[in-house]
Structures are given as structure tokens and as C-alpha cells.
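Colleague:
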Amino acid sequence: MKYHKITPLLLLLAAGCSFTRYGNPEDTETVNAAYGRTDLQTFSDAMVSSLGESPALTYLAGPGKGDDMRVIVYMGGIRNLTTEHLDTGGISDSIRTSLIKSGRFRFVAGDQGQTEIGDQVRFQQGSGRVDPAQAKAFGKQLGADVIVYGSLRSITKKKARSLENLGVKTKDVFYQFTLNCENIETGEILWSEQQDVTKQQKTSLFGS
1 MKYHKITPLL
11 LLLAAGCSFT
21 RYGNPEDTET
31 VNAAYGRTDL
41 QTFSDAMVSS
51 LGESPALTYL
61 AGPGKGDDMR
71 VIVYMGGIRN
81 LTTEHLDTGG
91 ISDSIRTSLI
101 KSGRFRFVAG
111 DQGQTEIGDQ
121 VRFQQGSGRV
131 DPAQAKAFGK
141 QLGADVIVYG
151 SLRSITKKKA
161 RSLENLGVKT
171 KDVFYQFTLN
181 CENIETGEIL
191 WSEQQDVTKQ
201 QKTSLFGS
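Heads up: the sequence shown begins at 1 in the working numbering, then just goes up one per residue.
1) Which of helix, strand or coil does DSSP assign to V121?
2) Looking only at its chain, what residues have a beta carbon closer than 7 angstroms to the beta carbon of R104, apart from the 5 residues adjacent to it on each side?
3) In whole angstroms, what is the alpha-carbon distance linking V146 and V121?
4) Is T178 close to chain C, meaning its C-beta is less than 8 angstroms from at least one C-beta of that chain?
5) Tell me which residues share the same chain as V130 and place their Cβ nearer than 7 angstroms to its Cβ, disregarding the 5 neighbours each side in the sequence.
6) Can you tell me which of the three DSSP states E116 falls into?
7) If you follow the beta strand (DSSP E) that Q176 is part of, which residue opens it and which one closes it?
8) State buried or exposed for A137, treating a residue as buried only when at least 16 other CB atoms are found within 10 Å of its CB.
9) In chain order, which beta strand (DSSP E) runs of at least 3 residues are fully inside the stretch 67–114?
10) Per DSSP, L152 is paired with what?
11) Does the beta-carbon distance from S151 to I95 come in below 8 angstroms?
12) Considering only the beta carbon of each residue, do S54 and W191 sit closer than 8 angstroms?
13) Which residue's Cα is closest to the Cα of T170: Q200, D196, R153 and C181?
This is the structure we're talking about:
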């Protein structure tokens with residue numbers, strides 16, 4: 001019987017190997033108290049469902065809209081009022097994408113889109129490279145009927161280790177997401193929804 005000697009170098013190389021695999025984005029992520037992908041999807045799905053079913057947002061007449069009376073939406077910001085450094089733009093993007101796919105709403109460009117549009121219009125008008133008959137001009141954009149905006153808040157409670165809880169440390173985080181849809185011309189709030197998520201993380205005596 002032959003025995004192969006494993007050198008320290010091979011052991012070091014094996015220890016240094018890393019492995020990466022693809023996960024299913026539809027799966028529920030590993031639960032901890034921090035805000036994550038599953039929370040984003042929970043908030044987005046709830047808001048899209050509620051907003052899409054609102055009778056006040058079925059149609060909205062207005063000058064210059066022609067026969068298409070679908071509500072024209074400007075997607076405003078979502079204020080992060082939590083203690084975490086969160087990119088709430090991900091929630092806005094998810095909600096807007098789902099509403100556009102539903103076919104019930106029309107959307108106008110946000111700040112980033114307006115910057116890109118402005119650059120392109122100035123190029124078409126002033127570069128001399130675009131056929132004047134096809135060059136786009138300012139002053140012809142759709143005017144939004146409503147603005148959608150909201151806020152994300154959190155409350156955190158911690159319970160330290162003790163003999164009573166067998167050395168288990170507990171952290172509870174309550175997230176509250178509120179979204180509003182307001183008529184730009186009248187200032188009337190046509191729709192409002194609130195979604196809550198509570199998360200708990202327990203760390204054993206030997207955890208960090």
C-alpha cells in the first residue's frame with residue numbers, strides 16, 4: 001500500500017480556496033435583524049398590490065392627455081429614517097418597475113432621467129449633427145398627475161445576556177414603511193398605505 005505525503009504547501013493552497021455559487025433570488029434570505037432583500041420585496045409587493053387596486057387611481061382626466069386617461073406618475077423619494085445606511089432607491093425602483101409592467105400607469109422621468117434627457121436635447125439642438133426635422137425640443141414632456149413618495153422608519157430593542165435567558169442576546173427590529181400618492185395640482189392625498197415588518201435575532205452564549 002502506498003501513502004502519499006501531503007505537503008504543507010498543498011494544505012495551505014486548499015485552505016485558501018474559495019467557492020462561489022448562485023442563489024435563487026426568490027428564496028427567503030438568511031434571517032437576521034438587518035434590513036435585507038426579502039424585506040424590500042415584501043414592502044414592494046404590498047405597496048404595488050394596494051396602489052394598483054385603488055379606485056381613485058383608475059383614471060385621471062387632464063388637458064393634453066388625449067384618449068389615454070391613465071394616471072401619469074412621478075416617482076418621488078423614500079426617506080430613510082432608520083438608523084441603518086440603506087439605499088431606499090431600491091424600493092422606489094422595484095415599485096416603479098412593477099407598476100409600469102402592470103400597464104395601469106404612465107411614468108415620467110425622475111432626476112437622473114431628466115439630466116440624461118437634458119443632455120440629449122442640447123446635443124440634438126446644438127451639435128449640428130442631427131436632422132433639424134427630427135431634433136427634439138424642450139417643452140413637450142408629459143406633466144405628471146401625481147407624485148408617489150414615502151418613508152422607512154425603524155425601532156430597535158435589545159436584550160442583553162443574563163442567567164434568566166441562558167446567556168442568549170436578543171435584538172428586535174420593527175420596520176414601518178409608509179407610501180403616499182398625492183395629486184400634484186390639488187395637493188390631495190389620493191392613496192396611502194403602511195406596511196410593517198418585525199424581525200428578531202437571537203445570539204447564543206458563544207455567538208458574537
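We put the CB at the ideal spot given by N, CA and C, even for glycine.
Modeller: Per the coordinate set shown:
1) To locate residue 121, count along the sequence shown from 1; it is residue 121. DSSP places V121 in helix when its eight states are reduced to three.
2) Stepping through the sequence shown from its first residue, residue 104 is reached at position 104. Cβ within range, chain order: G52 and R70.
3) The residue labelled residue 146 in the question sits at position 146 within the sequence shown. The residue labelled residue 121 in the question sits at position 121 within the sequence shown. Approximately 25 angstroms between the Cα atoms of the pair.
4) The chain inventory of the structure shown lacks chain C, comprising one protein chain alone.
5) Sequence index remark: in the sequence shown, residue 130 carries index 130 (1-based). Excluding positions up to five away in sequence, the list reads Q124.
6) Sequence index remark: in the sequence shown, residue 116 carries index 116 (1-based). Note: E116 maps to helix in three-state DSSP.
7) The residue labelled residue 176 in the question sits at position 176 within the sequence shown. Q176 -> beta strand (DSSP E) spans K169 to N183.
8) To locate residue 137, count along the sequence shown from 1; it is residue 137. In summary, A137 is exposed, with fewer than 16 beta-carbon neighbours lying within 10 Å of its beta-carbon over all protein chains present.
9) 71–81 and 105–107
10) Position 152 of the sequence shown, counted from the first residue, corresponds to residue 152. Answer is N80 and F177, bridged to L152.
11) The count along the sequence shown starts at 1 and reaches residue 151 at position 151. The count along the sequence shown starts at 1 and reaches residue 95 at position 95. Cβ atoms of S151 and I95: not closer than 8 angstroms.
12) Here residue 54 is taken as the residue at index 54 of the sequence shown, counted from 1. Here residue 191 is taken as the residue at index 191 of the sequence shown, counted from 1. Yes, they are a contact pair.
13) In the sequence shown, residue 170 corresponds to position 170, counting from 1. If we check each option's Cα against that of T170, Q200 comes out closest.
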